[in-house]
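>
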Amino acid sequence: MGSYYKGSYDVAIVGGGVNGLAAANVLARYGLRVALFEQNPWPGGLAGYVPGIASSLYAYAYGLVPREVEALLGLRGRLRLHRPNPSWVALDRNSGVAFEWWRDEQGLEEEAVEQGLEGLPHLVRLAVRFISCLKKGGGYYTVSPPSRDEAAGIVDTCDPEAAVFAERTGSAILSEYLPRSAWDLVAYPSMLSSNGYSLAYYLQNWNVWDQPLPGMGAVGEALLESAVSLGVEAHMGARVARVIVENGRASGVVLSGGSRVRARAVLLSVPLPLIPRLAGEDLFSEHDLRVIRRIASRRLDLYRVDYVLRARPSPPRRRGWEGTPIYVFWSQGRGGEYTYPCLTSGGSVCIVQASGRPGVGPSEPPPPGSCWDDIVLANVRGPGSQEACCGNPNGHPDHVPMVDPHLYNRRPLDGWGDYRVPGVEGLYHGSSSSYPGGEVNLVAGINAALRVMLDHGMESSVKEVLGFLGKEAGV
Numbered sequence: 007m008g009s010y011y012k013g014s015y016d017v018a019i020v021g022g023g024v025n026g027l028a029a030a031n032v033l034a035r036y037g038l039r040v041a042l043f044e045q046n047p048w049p050g051g052l053a054g055y056v057p058g059i060a061s062s063l064y065a066y067a068y069g070l071v072p073r074e075v076e077a078l079l080g081l082r083g084r085l086r087l088h089r090p091n092p093s094w095v096a097l098d099r100n101s102g103v104a105f106e107w108w109r110d111e112q113g114l115e116e117e118a119v120e121q122g123l124e125g126l127p128h129l130v131r132l133a134v135r136f137i138s139c140l141k142k143g144g145g146y147y148t149v150s151p152p153s154r155d156e157a158a159g160i161v162d163t164c165d166p167e168a169a170v171f172a173e174r175t176g177s178a179i180l181s182e183y184l185p186r187s188a189w190d191l192v193a194y195p196s197m198l199s200s201n202g203y204s205l206a207y208y209l210q211n212w213n214v215w216d217q218p219l220p221g222m223g224a225v226g227e228a229l230l231e232s233a234v235s236l237g238v239e240a241h242m243g244a245r246v247a248r249v250i251v252e253n254g255r256a257s258g259v260v261l262s263g264g265s266r267v268r269a270r271a272v273l274l275s276v277p278l279p280l281i282p283r284l285a286g287e288d289l290f291s292e293h294d295l296r297v298i299r300r301i302a303s304r305r306l307d308l309y310r311v312d313y314v315l316r317a318r319p320s321p322p323r324r325r326g327w328e329g330t331p332i333y334v335f336w337s338q339g340r341g342g343e344y345t346y347p348c349l350t351s352g353g354s355v356c357i358v359q360a361s362g363r364p365g366v367g368p369s370e371p372p373p374p375g376s377c378w379d380d381i382v383l384a385n386v387r388g389p390g391s392q393e394a395c396c397g398n399p400n401g402h403p404d405h406v407p408m409v410d411p412h413l414y415n416r417r418p419l420d421g422w423g424d425y426r427v428p429g430v431e432g433l434y435h436g437s438s439s440s441y442p443g444g445e446v447n448l449v450a451g452i453n454a455a456l457r458v459m460l461d462h463g464m465e466s467s468v469k470e471v472l473g474f475l476g477k478e479a480g481v
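Quick note on our numbering: the sequence shown kicks off at 7 and runs consecutively.
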């Protein structure tokens, strides 16, 4: 195995999740020699496949990836996306359709009026405008994320009304547009007391969710295929034991088998709590270590359930629907977001998947459109499963919650916002823990790659990438 790693690389990337793969694509495209190491045998990390089955592992909805990022990374044409209309529906306690989230503005307008939620479309438009202004003002695709006040200033110059998302909390914003009973349609409880950025972040795509077929792992596979075609040496099933730090500088990694890999820079595309473990806790301040430990210890009560069915379910449907949407279902204080890949992929095995806090067992409602007699197996994965799979100890899909004080240039921690790991030259971070944060977005990986390139004297290449993203975004 050691023979694989003779010589040295410009960048060693630890973690083959979607952000690590995005970074590898950008770095290799501009001529850097890149080696990528992923401990699992599949690419994509949490956005991978259930082992042995082409069905999503944890991530399940593709929609936050901006179109300009798809173009930059060559994802267009590599993915087969299911784009149902409505994109998702909320069910009431009797499993009836309570709200339909249509993909087109007119459809959403009409649904909002019918449900007495006239302020909803304007709220969503404001969120889209907020992120658009951040992009135009250089506060989204960036190697130096803005502070909250800087973000507010960028957006205020562009669109003063949209700046509210940086100036106020989620609950203060929602109270102007929606009755309290409807807040669950657009926000998780954690967003309410935090800065409105996290609310805007998840609404920037009009709250529309596509589903890759046959599962989210298709995104990881597409990014890996593209990276390899650009010359990235990608090694699946290769676990990194530690980062080599010599005289205060990262100079490579050591694999679990003992092989040493030399590199001019190391990019850690891993959950934040893994960074001190890999680099050595003695390199970090006691304050940062305390915060990291606190983040790692606060487990999110989030579960993923794979329901293997002997019969195809018949979830609620209405005339005029195209495809099968995601169903959001709540019951007895529990519930979840249910996807039905068996209805869209044409596979021989019918698997309905649920995320959130779905109840499992005869005393709980089964997935919409099915009964417990239809269920052959219910495979439950909780927070501990994420740690076993991908080193994420708190079970949070964003690694670090998308709330204050871990937003803007304070993500993941104060002093870490520029994608450099403080105190270790040549060591970088770029994952969902990093700005702009959040699950399957790919921007954090791209931004981290740009920071590496800038520190390698590749300013013209960085400007080229930013120019492309700006052009594709309509800037």
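Glycine included, C-beta positions come from ideal geometry on N, C-alpha and C.
All values reported here derive from a predicted model rather than from experimental measurement.
Decide yes or no for the touch test of the segment 383 to 392 against the segment 281 to 291: beta carbon pairs closer than 8 Å, at least 3 of them.
No: fewer than three Cβ pairs fall under 8 Å.
> Which same chain residues end up closer than 6 Å to C396 when comparing Cβ atoms and leaving out the 5 residues on each side of it in sequence?
G51 and L52, listed in sequence order.
> If you draw a straight line from the alpha carbon of L87 to that of N100, how long is it in whole angstroms?
Rounded to whole angstroms, L87 to N100 spans 30 Å at the Cα level.
> When you compare the segment 432 to 450 with the segment 248 to 260, are there three or more beta-carbon pairs, one atom per stretch, that lie closer than 8 Å?
Yes: at least three Cβ pairs fall under 8 Å.
> What residues in its chain sit with their C-beta under 6 Å from that of L274, if we drop five residues either side in the sequence?
V20, I281 and H435.
> Taking the alpha helix (DSSP H) that T163 falls in, what are its first and last residues?
Per DSSP, T163 belongs to the alpha helix (DSSP H) from R154 to C164.
> Quick one: measure Cβ to Cβ for G221 and L27, integer angstroms, because I've assumed they're closer than 8 Å.
Rounded, the Cβ-Cβ distance is 16 Å, inconsistent with contact.
> Out of E182, Y183 and I137, state which residue places its alpha-carbon closest to the alpha-carbon of D162.
Among E182, Y183 and I137, the Cα nearest to that of D162 is on I137.
> Could you tell me which of R340, L460 and D379 sits nearest to L97, measuring between CA atoms?
For the residues R340, L460 and D379, the minimum Cα distance to L97 belongs to R340.
> Using three-state DSSP, classify E111 as helix, strand or coil.
Reduced to three states, the DSSP call for E111 is helix.
> When DSSP labels each residue in this structure, what does G480 get in the three-state scheme?
Because the pLDDT of G480 is 44, which lies under 50, any placement of that residue in the model is unreliable, and the question is left without a value.
> Bridge partners of A41, per DSSP?
In the DSSP output, where bridge partners are listed per residue, A41 has A18 and E239.
> Would you report the Cα separation of W212 and V260, rounded to the nearest angstrom?
Whole-angstrom Cα-Cα distance: 43 Å.
> What beta strand (DSSP E) runs, 3 residues minimum, are completely inside the segment 235 to 322?
Listed in chain order, the complete beta strand (DSSP E) runs (minimum 3 residues) inside the segment 235 to 322 are 239 to 242, 246 to 252, 255 to 261, 266 to 274 and 309 to 315.
> Between V481 and C164, what straight-line distance do the alpha-carbon atoms span, to the nearest angstrom?
Residue placement at V481 cannot be trusted, given a pLDDT of 40 that sits under 50; what the coordinates show is reported in the next sentence. For V481 and C164, the distance between alpha carbons rounds to 12 Å.
> Helix, strand or coil: how does DSSP classify H435 here?
Three-state DSSP puts H435 in a strand.
> What is the C-beta distance between V468 and M459, in whole angstroms, given that I count them as a contact (C-beta under 8 Å)?
That pair is a contact at about 5 Å.
> Sorted by chain position, which residues of the same chain lie with C-beta nearer than 6 Å to V336's C-beta, five sequence neighbours on each side aside?
Looking at the sequence itself, residue 336 is Trp, so the reference to Val does not match. So the list is empty, once near-sequence residues are dropped.
> Tell me the DSSP secondary structure of H405 in three-state form.
The answer is coil: DSSP assigns H405 none of H, G, I, E or B.
> Quick one: what's got a C-beta closer than 6 Å to I59's C-beta in the same chain, skipping five residues either side?
Taken in chain order, the list of residues that qualify is empty.
> Alpha carbon to alpha carbon, how far is P374 from D312? Give it in angstroms, no decimals.
About 14 Å.
> Rounded to a whole number of angstroms, what is the C-alpha to C-alpha distance between D190 and V170?
The alpha-carbon atoms of D190 and V170 are separated by roughly 20 Å.
> Between the segment 361 to 370 and the segment 323 to 331, do at least 3 Cβ pairs fall closer than 8 Å?
The segment 361 to 370, when compared against the segment 323 to 331, does not touch it at the 8 Å Cβ threshold.
> Can you name the start and end residues of the beta strand (DSSP E) that E343 belongs to?
First-last of the beta strand (DSSP E) with E343: R340 to T345.
> Which residues does DSSP pair with W336 in a beta bridge?
Note: W336 sits in a beta bridge opposite G341.
> How far does the beta strand (DSSP E) with I357 in it reach, from first residue to last?
Per DSSP, I357 belongs to the beta strand (DSSP E) from C356 to R363.
> Can you tell me whether V103 is helix, strand or coil according to DSSP?
Strand at V103.
> Between which two residues does the beta strand (DSSP E) containing N400 stretch?
From DSSP, N400 is part of no beta strand (DSSP E); its letter is neither H nor E.
> Taking L126 as part of the beta strand (DSSP E), name the residues at either end of that continuous run.
No beta strand (DSSP E) holds L126; the alpha helix (DSSP H) holding it covers L126 to K142.
> From H412 to F290, what does the alpha carbon distance come to, in whole angstroms?
Their Cα atoms are separated by approximately 18 Å.
> Using only alpha-carbon positions, find the residue among L456, S437, G23 and G451 that is nearest to G223.
It is G23.
> Give every residue of the same chain whose Cβ lies closer than 6 Å to the Cβ of R89, excluding the five residues on either side of it in the sequence, and list them in chain order.
Only D216 meet the Cβ criterion.
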